[in-house]
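Participant: Residue numbers (the numbering used here): 298 to 633.
The C-beta atom is built at its ideal place from N, Cα and C for all residues, glycine as well.
Pasting a structure here, questions to come.
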C-alpha cells in the first residue's frame, strides 16, 4: 500500500482511535470515523493510540465524559480488552510500536480522584492525555470557551501528570488554557507538551465546525511557535475542516514550524486523527491511513521539502516525542 520508494515503515500515526477500530470486522462503539481508515496500521512504524471515552446521555444525542473515575477506568478497560490483543493482527506484533493516550480526563472533580485515575491508567500503559475536551469541565476552558483558562484543579492535575512522566496535549483547549499551560510548565523541558491533532488558524477557514464559536480548536501561529520553541510537538491534521487540501496553506504551516525547529527538537508532526475523524472530512483519496501518508509524502516532496525534512515530519519527530523509538534506530538517527 505505501509504495513511495524508500519511505516504507517511516510513518507514525498520531491520535489513532482505539475506540473506533475493530479488527474482527464488527461495529465499533465510540469514535467518529470508519474502521477502514485504520486498516493499513500494520504498515506503519508506530502509532499513538487514543482511548476516547464518551457516553451518550438519555436523550441519545448529548455526549459527555464518563460520570466518575471508576466509570472512566472501566470504559478504558473495555476499549482495551475489546479492540486490542488477542485481536491485534500479526503484522502489528512484528515491531509496530505503540503508546497509549486518553482523550478527555474530565470525570474527576477532586485531585485525589484524578491522581488515582492517572495512577491506574499508568499501570495499564497510558503515558499521556489531552485532559480538556467538553465545555463546563472541572479542569479548564475548552476550545468552545474563549477566554476561559485553567482551574486550580486543572493546574494540579497537569503537574501531577507531568511528574508521572506523562505528556500533556493541548488539543481541544481554549487559547487561554494553552497559554496558562505553557506558563505552568515554564522551562521544564522534561515536562512534555504537545498538540496532537488540528490546525493553525488561517483566513481560509470557513467550516461550520470551527467558525461557529470553535475557532480556538485551531492554534494561532504564535501559540504553535511557542509550543515548538518550548521543545514540544505540534501535529497538523491534513483533513477538513482544518485545511482545504495538502497544498497551499497546509504546506506553508509545515514550513513555518520547521523553520523554528532546532536540532534535537521535535517541532512538527502529522496528527492523522484516523478512526476519530468523520469520513466526509477526509481529503479525496485518503480512505486509509496508508493512502493518507502516500499522498502526503508526494505533496511535501512536490512542495520542495527535502527528504530528511519529510521523514521528520511524517514520522521521526512524533516517534521521538512519544518514545516510539526504543527498538528503532531508523527514526532516532534522523535527529542526530
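Going straight from the alpha carbon of residue 551 to that of residue 565, what length do you get?
Facilitator: As a position in the chain shown, residue 551 is number 254, starting the count at 1. As a position in the chain shown, residue 565 is number 268, starting the count at 1. The alpha-carbon atoms of residue 551 and residue 565 are separated by roughly 7 Å.
Participant: What's the gap between the Cα of residue 372 and the Cα of residue 365?
Facilitator: Taking the chain shown and counting its residues from 1, one reaches residue 372 at position 75. Taking the chain shown and counting its residues from 1, one reaches residue 365 at position 68. Spanning the two alpha carbons is a distance of roughly 11 Å.
Participant: Have a look at the DSSP bridge pairing and note the partners of residue 586.
Facilitator: Here residue 586 corresponds to residue number 289 of the chain shown, with the count starting at 1. None; residue 586 has no bridge partner.
Participant: For residue 506, tell me which candidate among 441, 544 and 351 has the shortest Cα-Cα distance.
Facilitator: For the purposes of this step, residue 506 is identified with residue 209 of the chain shown, where counting begins at 1. Ranked by Cα distance from residue 506, the options 441, 544 and 351 are led by 441.
Participant: Is the segment 408 to 415 touching the segment 449 to 464 in the sense that three or more CB pairs, one from each, lie closer than 8 Å?
Facilitator: yes
Participant: Can you give me the Cβ contacts of residue 529 inside the same chain, cut-off strictly under 6 Å, excluding the 5 residues immediately before and after it?
Facilitator: For this step, residue 529 is matched to residue 232 along the chain shown. Excluding residues within five positions, the ones whose Cβ falls inside 6 Å are 490 and 491.
Participant: Just list the residues that DSSP pairs residue 342 with in beta bridges.
Facilitator: Residue 342 sits at position 45 when you count from the first residue of the chain shown. In the DSSP output, where bridge partners are listed per residue, residue 342 has none listed.
Participant: Starting from the Cα of residue 500, find the closest Cα among 415, 487 and 540 and give me that residue.
Facilitator: Along the chain shown, read from residue 1 onward, the residue named residue 500 stands at position 203. Nearest of 415, 487 and 540 to residue 500, Cα basis: 540.
Participant: If you draw a straight line from the alpha carbon of residue 553 to that of residue 416, how long is it in whole angstroms?
Facilitator: In the chain shown, residue 553 corresponds to position 256, counting from 1. In the chain shown, residue 416 corresponds to position 119, counting from 1. One C-alpha to the other measures close to 38 Å.
Participant: What residue from 518, 596 and 344 has the CA that sits closest to residue 571's CA?
Facilitator: Position 274 of the chain shown, counted from the first residue, corresponds to residue 571. The shortest Cα separation from residue 571 among 518, 596 and 344 belongs to 344.
Participant: So, at 7 Å on beta carbons, what are the nonlocal neighbours of residue 606 in its own chain, with the 5 sequence-adjacent residues on each side left out?
Facilitator: Your numbering for residue 606 matches position 309 in the chain shown. For residue 606, where only same-chain residues beyond five positions count, the Cβ hits under 7 Å are 555.
Participant: With DSSP as the reference, please indicate the residues paired to residue 602 in a beta bridge.
Facilitator: In the chain shown, counting from the first residue as 1, residue 602 sits at position 305. According to DSSP, residue 602 bridges with nothing at all.
Participant: Closest to residue 537 by CA distance: which of 517, 494, 522 and 521 is it?
Facilitator: Residue numbering aside, residue 537 sits at position 240 when the chain shown is read from its first letter. Considering only alpha carbons, the answer is 494.
Participant: For residue 615, collect the residues of the same chain with a Cβ closer than 6 Å to its Cβ; drop the 5 residues on either side in sequence, then sort them by chain order.
Facilitator: Within the chain shown, numbered from 1, the residue matching residue 615 stands at position 318. Counting only Cβ-Cβ distances below 6 Å, and skipping sequence neighbours, we find 309, 311 and 566.
Participant: Please classify residue 477 as buried or exposed, where buried requires at least 16 other C-beta atoms within 10 Å of its C-beta.
Facilitator: In the chain shown, the residue the question calls residue 477 occupies position 180. Under this definition residue 477 is a buried residue.
Participant: Have a look at the DSSP bridge pairing and note the partners of residue 567.
Facilitator: Reading the chain shown from its first residue, position 270 is the one you call residue 567. In the DSSP output, where bridge partners are listed per residue, residue 567 has 533.
Participant: Report yes if the C-beta distance between residue 378 and residue 426 is below 8 Å; otherwise report no.
Facilitator: Position 81 of the chain shown holds residue 378. Position 129 of the chain shown holds residue 426. No; because the gap between Cβ atoms is not below 8 Å, this pair is not in contact.
Participant: Hey, is the segment 421 to 435 in contact with the segment 466 to 475, meaning 3+ C-beta pairs nearer than 8 Å?
Facilitator: yes
Participant: Quick one: measure Cβ to Cβ for residue 596 and residue 548, integer angstroms, because I've assumed they're closer than 8 Å.
Facilitator: Translated into positions along the chain shown, residue 596 becomes position 299. Translated into positions along the chain shown, residue 548 becomes position 251. A Cβ-Cβ separation of about 7 Å places residue 596 in contact with residue 548 under the 8 Å criterion.
Participant: Within this structure, are the beta carbons of residue 534 and residue 510 separated by less than 8 Å?
Facilitator: Position 237 of the chain shown holds residue 534. Position 213 of the chain shown holds residue 510. In this structure, the beta-carbon distance from residue 534 to residue 510 does not fall below 8 Å.
Participant: Look at residue 437 and residue 444 and say whether their C-beta atoms are less than 8 Å apart.
Facilitator: Reading the chain shown from its first residue, position 140 is the one you call residue 437. Reading the chain shown from its first residue, position 147 is the one you call residue 444. Cβ atoms of residue 437 and residue 444: not closer than 8 Å.
Participant: For residue 504, report the span of its alpha helix (DSSP H) as first-last.
Facilitator: If you number the chain shown from 1, residue 504 lands on position 207. Run containing residue 504: none; DSSP gives neither H nor E here.
Participant: Can you list, in chain order, the residues of its chain whose CB lies under 7 Å from that of residue 331, leaving out five sequence neighbours each side?
Facilitator: Mapped onto the chain shown, residue 331 falls at position 34. Within the same chain, residue 331 has close Cβ partners 576.
Participant: Using alpha carbons as the reference points, say which of 424, 590 and 609 lies closest to residue 562.
Facilitator: The residue given as residue 562 occupies position 265 in the chain shown. When C-alpha distances from residue 562 are compared across 424, 590 and 609, the shortest belongs to 609.
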